[in-house]
Amino acid sequence: MIVCIMKRDWTGPHAAAQHGRMPHDHHDHPHALLPPDPALRVKALETILTQKGLIDPAALEEIIDTYQNKIGPQNGARVVARAWSDPEFRAALLADADPVLADLGYYGRQGEHMVVVENTPQQHNMVVCTLCSCYPWPLLGIPPGWYKSDAYRARAVREPRKVLAEFGVTLPPEAAVRVWDSTAEVRYLVLPMRPEGTGGMSEEELAALVTRDSMIGTGLAKVPS
Amino acid sequence: MSACPEVAAPEPVFAEPWHAQVFALTVHLNEAGRFSWSDWVERFSATLKRHGLSRELDGGEDYFRAWLETLEVFLAEDGAASRAEAEVMRSRWEEAYLSTPHGAPVHLRG
Chain A
0 MIVCIMKRDW
10 TGPHAAAQHG
20 RMPHDHHDHP
30 HALLPPDPAL
40 RVKALETILT
50 QKGLIDPAAL
60 EEIIDTYQNK
70 IGPQNGARVV
80 ARAWSDPEFR
90 AALLADADPV
100 LADLGYYGRQ
110 GEHMVVVENT
120 PQQHNMVVCT
130 LCSCYPWPLL
140 GIPPGWYKSD
150 AYRARAVREP
160 RKVLAEFGVT
170 LPPEAAVRVW
180 DSTAEVRYLV
190 LPMRPEGTGG
200 MSEEELAALV
210 TRDSMIGTGL
220 AKVPS
Chain B
770 MSACPEVAAP
780 EPVFAEPWHA
790 QVFALTVHLN
800 EAGRFSWSDW
810 VERFSATLKR
820 HGLSRELDGG
830 EDYFRAWLET
840 LEVFLAEDGA
850 ASRAEAEVMR
860 SRWEEAYLST
870 PHGAPVHLRG
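For the record, the sequence lines run as chains A and B. Here my numbering is used: the first residue of the first sequence is 0, the next is one more, and so on. Here my numbering is used: the first residue of the second sequence is 770, the next is one more, and so on.
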């Protein structure tokens, strides 16, 4: 399996702390620059738990590396492209996503179930977590800031069409909007509609049309240029 | 030719290193069996709700501050890291930064 690495401005979990990459960086500073208060509090917890043998620092590095570099919307895009190309795969995915995704190596590390909901001309699906920020991590990675904001979490349910319009999505009036509220146990992925003019495209080419937002339901798949 | 599509990443996954660290710490503690993810979500959403009463949260720094506060309280309640222990250790790290020459690696003393 090919693991696609996303380009990030990231130099490692301890980089800022050790190299003083803080807002007030000055090279003539007499001592190491003090990280912000919450960073010190996290370090404190990490040290205490490591000393008590309750955590393994190497496991923390692995988790950060995974979510930072290996998992992202490219995983979900691959699943969507396959569903567009393979009717049997699509049917199995919609019927019971967990085993299908597990075959591809995507499974919820927190034991959550994944449900795939399909957009049709009659129904557009959109995902929110009104509780906090539950999200299909294995398929989309860490959610964007707006997904975690109070504004989106409150308004997606109350006025989904207005929110969609702000994302630049206008639906025909006959299309119903269904909003799915994620929980600790169930995470949703939207299967967007396959754009026109994509007949004969390979799964790889199709995957490039699948945006993160189209899998949250706040966007549509890109139309090939 | 690479099989990987060019994925534009205008926003980093974690804006600050400590966001990544507190996230990983929580995921690791859950995976090690310290608490269930639904317990975590219940507590975290209660913190977000409480913080959101006084102002609108933007899902950035304020989100991870709420996350950290939830984890601190959780660990204090279950005895893994008491408030006092956490405060002492935080001070020791602060002292270590302030007494380490700029550019040198920072280590806890003692």
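Glycine included, every Cβ here is placed at the ideal spot set by N, Cα and C.
Close beta carbons around residue i, own chain, < 8 Å, minus the five adjacent residues each side
i, result
"A/Pro-137", "Ile-70, Asn-74, Leu-100, Tyr-105, Tyr-106, Gly-107, Arg-108 and Met-113"
"A/Val-156", "Val-127, Thr-129, Val-178 and Asp-180"
"A/Ser-224", "none"
"B/Asn-799", "Ser-805, Trp-806 and Trp-809"
"A/Tyr-66", "Trp-136, Gly-140 and Ile-141"
"A/Ile-54", "Glu-45 and Leu-48"
"A/Arg-154", "Lys-161 and Val-162"
"A/Pro-56", "Glu-45 and Thr-49"
"B/Leu-877", "Arg-861, Trp-862 and Ala-865"
"B/Asp-847", "Arg-803 and Phe-804"
Contacting residues, own chain, Cβ-Cβ under 6 Å from residue i (five flanking each side not counted)
i, result
"A/Ala-91", "Val-99"
"B/Val-875", "Ala-865, Tyr-866 and Thr-869"
"B/Leu-817", "Ala-835"
"B/Thr-795", "Leu-840"
Option in the options with minimal Cα separation from residue i
i, options, result
"A/Gly-198", "A/Phe-88, A/Glu-165 and A/Ala-80", "A/Ala-80"
"A/Thr-169", "A/Ser-132, A/His-123 and A/Cys-131", "A/His-123"
"B/Glu-856", "B/Ser-868, B/Leu-867, B/Thr-869 and B/Val-842", "B/Val-842"
"B/Arg-859", "A/Gly-110, A/Ala-94, A/Ala-38 and A/Thr-119", "A/Ala-38"
"A/Tyr-187", "A/Ile-62, A/Ala-96, A/Ile-63 and A/Phe-88", "A/Ala-96"
"A/Gly-229", "B/Glu-838, B/Ser-807 and B/Phe-833", "Within the shown structure, residues of chain A are numbered from 0 to 224, placing residue 229 of chain A beyond reach of any answer."
"B/Glu-838", "B/Glu-854, B/Val-791 and B/Leu-798", "B/Val-791"
"A/Asp-149", "B/Val-782, B/Ala-853, B/His-820 and B/Ala-793", "B/His-820"
"A/Glu-117", "A/Cys-131, A/Gln-50, A/Arg-40 and A/Pro-86", "A/Pro-86"
"A/Ala-31", "B/Phe-813, B/Asp-847 and B/His-871", "B/His-871"
"A/Gln-50", "B/Ala-849, B/Ala-853, B/Ala-801 and B/Arg-803", "B/Ala-849"
"A/Leu-103", "A/Pro-120, A/Ala-82 and A/Thr-119", "A/Ala-82"
"B/Arg-861", "A/Glu-202, A/Leu-33 and A/Met-214", "A/Leu-33"
"B/Ala-853", "A/Arg-40, A/Gly-52, A/Val-78 and A/Ala-58", "A/Arg-40"
"A/Val-115", "A/Val-185, A/Asp-36 and A/Met-200", "A/Val-185"
"A/Glu-173", "A/Thr-119, A/Asn-68, A/Asp-64 and A/Phe-88", "A/Thr-119"
"A/Pro-283", "B/Leu-877, B/Tyr-832 and B/Asp-847", "Since the first residue shown for chain A is 0 and the last is 224, residue 283 of chain A is missing from the structure and cannot be characterised."
"A/Ile-62", "B/Arg-878, B/Leu-877 and B/Ala-801", "B/Ala-801"
"A/Phe-88", "A/Glu-165, A/Lys-147 and A/Glu-202", "A/Glu-202"
"A/Arg-77", "A/Val-209, A/Tyr-151 and A/Pro-171", "A/Val-209"
"B/Glu-811", "A/Cys-131, A/Phe-166, A/Glu-165 and A/Val-176", "A/Cys-131"
"A/Pro-29", "B/Ala-873, B/Leu-877 and B/Arg-878", "B/Ala-873"
"A/Ala-175", "A/Met-125, A/Leu-93 and A/Leu-59", "A/Met-125"
"B/Thr-782", "A/Asp-64, A/Ile-215 and A/Ala-58", "The sequence as given places Val at residue 782 of chain B; Thr does not occur at that position. When each option's Cα is compared against that of B/Val-782, the closest is A/Asp-64."
"B/Ser-814", "A/Arg-152, A/Met-200, A/Gln-121 and A/Leu-59", "A/Arg-152"
"A/Ile-215", "A/Pro-171, A/Ala-207, A/Glu-195 and A/Trp-145", "A/Trp-145"
"B/Ala-793", "A/Glu-60, A/Met-200 and A/Gly-52", "A/Glu-60"
"A/Gln-121", "A/Gly-196, A/Glu-204 and A/Pro-171", "A/Pro-171"
Contacting residues, own chain, Cβ-Cβ under 7 Å from residue i (five flanking each side not counted)
i, result
"A/Arg-211", "Pro-72 and Leu-139"
"B/Ser-851", "Ala-845"
"A/Ala-183", "Glu-111 and Cys-133"
"A/Lys-147", "Ser-132"
"A/Phe-166", "Asp-212, Thr-217 and Gly-218"
Task: Three or more C-beta pairs below 8 Å linking the stretch 211–222 of chain A and the stretch 186–197 of chain A - done: Yes: the two stretches touch, three or more of their Cβ pairs being nearer than 8 Å.
TODO: Determine contact between the stretch 820–828 of chain B and the stretch 783–801 of chain B, defined as no fewer than three beta-carbon pairs at a distance below 8 Å.
DONE: With the cut-off at 8 Å, the stretch 820–828 of chain B and the stretch 783–801 of chain B do not touch.
Task: Cβ contact (3+ pairs, closer than 8 Å) linking the stretch 37–48 of chain A and the stretch 143–163 of chain A - done: No, the stretch 37–48 of chain A is not in contact with the stretch 143–163 of chain A.
- [ ] Evaluate the contact criterion for the stretch 856–865 of chain B versus the stretch 806–825 of chain B: three or more CB pairs, one atom per stretch, below 8 Å.
- [x] The stretch 856–865 of chain B is not in contact with the stretch 806–825 of chain B.
Open item on the list: Extract the residue ranges of the alpha helix (DSSP H) inside the stretch 163–206 of chain A, only unbroken runs of 4 or more that lie entirely within it.
Closed with: You should have 202–206.
- [ ] Please list the segments of the alpha helix (DSSP H) lying wholly inside the stretch 41–78 of chain A, counting only runs of 4 or more residues, in order along the chain.
- [x] DSSP runs (the alpha helix (DSSP H)) wholly in the stretch 41–78 of chain A: 56–64.
TODO: Compile a chain-ordered list of the residues in the stretch 146–163 of chain A whose CB is closer than 8 Å to at least one CB of chain B.
DONE: Against chain B - using a Cβ distance shorter than 8 Å - the residues of the stretch 146–163 of chain A are Tyr-146, Lys-147, Ser-148, Asp-149, Ala-150 and Tyr-151.
Open item on the list: Any C-beta of chain B within less than 8 Å: which residues of the stretch 163–188 of chain A qualify?
Closed with: Answer set for the stretch 163–188 of chain A: Thr-182, Ala-183 and Glu-184.
Open item on the list: Ignoring anything shorter than 4 residues, give me the alpha helix (DSSP H) runs that lie fully in the stretch 837–870 of chain B, in order along the chain.
Closed with: The qualifying runs are 852–867.
Task: Contained beta strand (DSSP E) runs [length at least 3] in the stretch 124–159 of chain A, N- to C-terminal order - done: Here no run is fully enclosed.
Open item on the list: Under 7 Å, CB to CB, which of the residues in the stretch 815–830 of chain B have a partner in chain A?
Closed with: Of all residues in the stretch 815–830 of chain B, Leu-817, Gly-821, Glu-825, Leu-826, Asp-827, Gly-828 and Gly-829 have a Cβ within less than 7 Å of some Cβ in chain A.
Open item on the list: Any C-beta of chain A within less than 7 Å: which residues of the stretch 851–869 of chain B qualify?
Closed with: Within the stretch 851–869 of chain B, the qualifying residues are Glu-854, Ala-855, Met-858, Arg-859, Trp-862, Glu-863, Tyr-866, Leu-867, Ser-868 and Thr-869.
Task: Length-filtered (3 minimum) beta strand (DSSP E) runs lying within the stretch 88–119 of chain A - done: Secondary structure in the stretch 88–119 of chain A: the beta strand (DSSP E) runs of 3 residues or longer, each lying completely within the stretch, are 112–117 in chain order.
- [ ] Could you please tell me which residues of the stretch 94–120 of chain A, in chain order, have their CB closer than 8 Å to any CB of chain B?
- [x] Residues passing the 8 Å Cβ filter: Arg-108, Gln-109, Gly-110 and Glu-111.
- [ ] Note down, in chain order, all residues in the stretch 785–803 of chain B with a beta-carbon under 8 Å from any beta-carbon belonging to chain A.
- [x] Considering only beta carbons, the part of the stretch 785–803 of chain B lying closer than 8 Å to chain A consists of Glu-785, Pro-786, Trp-787, Ala-789, Gln-790, Val-791, Phe-792, Ala-793, Leu-794, Val-796, His-797, Leu-798, Asn-799, Glu-800, Ala-801 and Arg-803, in chain order.
Open item on the list: Any C-beta of chain B within less than 8 Å: which residues of the stretch 37–51 of chain A qualify?
Closed with: Of all residues in the stretch 37–51 of chain A, those with a C-beta nearer than 8 Å to a C-beta of chain B are Pro-37, Ala-38, Leu-39, Arg-40, Val-41, Lys-42, Ala-43, Leu-44, Glu-45, Thr-46, Ile-47, Leu-48 and Lys-51, reading in chain order.
TODO: Select from the stretch 831–843 of chain B all residues with a C-beta closer than 8 Å to any C-beta belonging to chain A, and list them in chain order.
DONE: Residues of the stretch 831–843 of chain B with a Cβ closer than 8 Å to any Cβ of chain A, in chain order: Tyr-832, Phe-833, Arg-834, Leu-837, Leu-840 and Glu-841.
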